[in-house]
Every structure is written in C-alpha cells, then in structure tokens.
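Reviewing the structure listed below.
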Ligand code: E4P
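Take a look at the structure:
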C-alpha cells in the first residue's frame, strides 16, 4: 500500500518525507486555504514546491465545478509538473472531465466518493484514483471501511485498473484496516502516520534496554 500525506503544509510534508515512507501528497481547497494560499500564481507555486519536496503523485484539486472550466483548470495544473494528478469532484461534469483528461493523457483522482456506484462511474471514466472518504462516512454513522471492501471487490471482479485511495483518514486504525482490505493507497494526516509508531510496550521495553545498556 502506498502512503500519501493529506496536507498542504510544507513542514509536515517534509517531516513525513524524511521518514522515507512517503509516496505522494493529496491536497484539497480546505487544506490549501488553511496554509493561506490564495490566487492562481500562489497556488501554482505551492504545488511546485510540493512537487520539488516529494517524488511521487501530487493531487491538485480543480476549484471549478463545470466541465469547460474544470478542463481548462486541470490542463494548467497538469502543466505545473509531470507528477501532478488532477483532482476532480464526483459530479456529472466531473465524470465528463475525468474522461476528457483520460483521453488526453492527464491522470486524475476522483474525490468525494461516498458510494460504490460513484467509484464505478469514476473507474469507467478512467480515473487513476478514486478517493472514498472513510472518516466522513464514519462521522455520519455508516461504516467507511465497508465501502473500501466493496469497491475492492468490484474493481477486482471487473478488472478495473483504477487505484483505491482511502481518504479522510482519522487515525492509525483506519490505516491498518485500509491496508487489510486492499486499499492501494492511504492518504493520511501526519498525526495518523505517526500514530502507527506508537505502542506503550515499545516505550517500556526501550526504557528498560536503555537502562540495562548502562550496565554493559
Ligand atoms: C482527500 O484527498 C481529502 O483531502 C481528505 O482526505 C479529506 O479528509 P477530511 O474528511 O479529514 O477533510
């Protein structure tokens, strides 16, 4: 399973990348706005900086919601760096745009996936990735992981090549479950990635080893 970090924060991207386990980055308008990135030029510069930090797929989301504008925006985003993957929302015009990008050699990440039907449509349009939002499904009282399992089953049975990118990750257990269910990628906040490191018995064991090392 590939590991992406889900943030627009350069310091966090660098910290995750320094671990040596990072395969890419996802962003969205909320995460970019949080970093104070405003205006077309600043947005392009920020994506460029991310691409220079991480050698992997970098999702850059279109801000418009109609076909023509999404295509125009996506073309500009894709021109920033070969690693840019254009992130497109799961709406009717979004499906059309994904098909257009696919036919024109531009890779896409279909975002805001909340059902298997949406994932099938995105895969049919040729999306490189589909992003089911696990945490937001859990937040609304459904089981986000069930959706990962269902999409995995469908994509395997139908031989869809689209990769399943588990998104809206809230904790380390989400990452473990997504791995268990065969997600191709997990995009996570830095806190969830670091959460995988933690176990109290590791801390207790290490404290003992450090103590005993003094006697050697
Ligand atoms: C996916 O690419 C999105 O950026 C992200 O995972 C959304 O997560 P949230 O539900 O924590 O906002």
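Numbering (UniProt numbering), first residue to last: 1 to 216. Glycine included, each C-beta is placed from N, C-alpha and C at the ideal position.
Original post:
In the structure shown, what three-state DSSP assignment does residue 24 receive?
Top reply: It is a strand residue.
Subject >> The alpha helix (DSSP H) enclosing residue 53, as first and last residue numbers >> reply: Taken as a continuous stretch (DSSP letters only), the alpha helix (DSSP H) holding residue 53 covers 40 to 53.
Original post:
In angstroms, rounded to a whole number, what distance separates the CA positions of residue 176 and residue 169?
Top reply: Going by the C-alpha atoms only, they are around 11 Å apart.
Original post:
In angstroms, rounded to a whole number, what distance separates the CA positions of residue 294 and residue 60?
Top reply: Here the chain has residues from 1 to 216 only, and residue 294 is not among them.
Original post:
When every heavy atom of the ligand E4P is checked, does at least one fall within less than 7 Å of the C-beta of residue 64?
Top reply: No, the ligand E4P has no heavy atom inside 7 Å of this Cβ.
Original post:
What are the start and end residues of the beta strand (DSSP E) that includes residue 177?
Top reply: First-last for residue 177: 172 to 180, but that is the alpha helix (DSSP H), not the beta strand (DSSP E).
Original post:
Just curious, the alpha helix (DSSP H) that residue 193 is in, first and last residue?
Top reply: From DSSP, the alpha helix (DSSP H) with residue 193 extends over 190 to 195.
Original post:
Straight-line CA distance for residue 167 to residue 211?
Top reply: Whole-angstrom Cα-Cα distance: 41 Å.
Original post:
DSSP on residue 65, reduced to helix/strand/coil?
Top reply: Assigned with DSSP and collapsed to three states, residue 65 falls in coil, not helix or strand.
**OP:** Report yes if the C-beta of residue 127 is less than 7 Å from at least one heavy atom of the ligand E4P; otherwise report no.
**Re:** Outside the cutoff, so no.
**OP:** Would you mind stating whether residue 62 and residue 99 have Cβ atoms separated by less than 8 Å?
**Re:** With respect to the 8 Å criterion, residue 62 and residue 99 are not classified as neighbours on the basis of their beta carbons.
**OP:** List the endpoints of the continuous beta strand (DSSP E) containing residue 30.
**Re:** The continuous stretches of beta strand (DSSP E) do not include residue 30, which lies in the alpha helix (DSSP H) extending over residues 29 to 34.
Original post:
Got a sec? Which residues, its chain only, sit under 7 Å from residue 67 by beta carbon, not counting five neighbours each side?
Top reply: Here residue 67 has 93, 96 and 97 as same chain residues with Cβ atoms under 7 Å from its own Cβ, once five neighbours each way along the sequence are excluded.
Original post:
Three or more beta-carbon pairs under 8 Å between the region 147 to 158 and the region 175 to 192, yes or no?
Top reply: Contact between the region 147 to 158 and the region 175 to 192 is present, because at least three Cβ pairs lie under 8 Å.
**OP:** Examine the ligand E4P and report whether any of its heavy atoms sits within less than 7 Å of the Cβ of residue 167.
**Re:** For the ligand E4P, at least one heavy atom lies less than 7 Å from the Cβ of residue 167.
**OP:** Using the DSSP secondary-structure output, state which residues sit across from residue 88 in a beta bridge.
**Re:** Its beta-bridge partners are 110.
Original post:
Using the rule of at least 16 other Cβ atoms within 10 Å of the residue's Cβ for burial, across every protein chain shown, is residue 112 buried or exposed?
Top reply: With 16 or more Cβ atoms within 10 Å of its Cβ, residue 112 is classed as buried.
Subject >> Helix, strand or coil at residue 164 [DSSP, three-state] >> reply: Reduced to three states, the DSSP call for residue 164 is strand.
Original post:
Which residues bound the beta strand (DSSP E) around residue 6?
Top reply: Following the DSSP letters along the chain, one finds residue 6 inside the beta strand (DSSP E) bounded by residues 2 to 6.
**OP:** Check residue 82 in the structure and name its three-state DSSP category.
**Re:** In the three-state scheme derived from DSSP, where H, G and I count as helix and E and B as strand, residue 82 is classed as coil.
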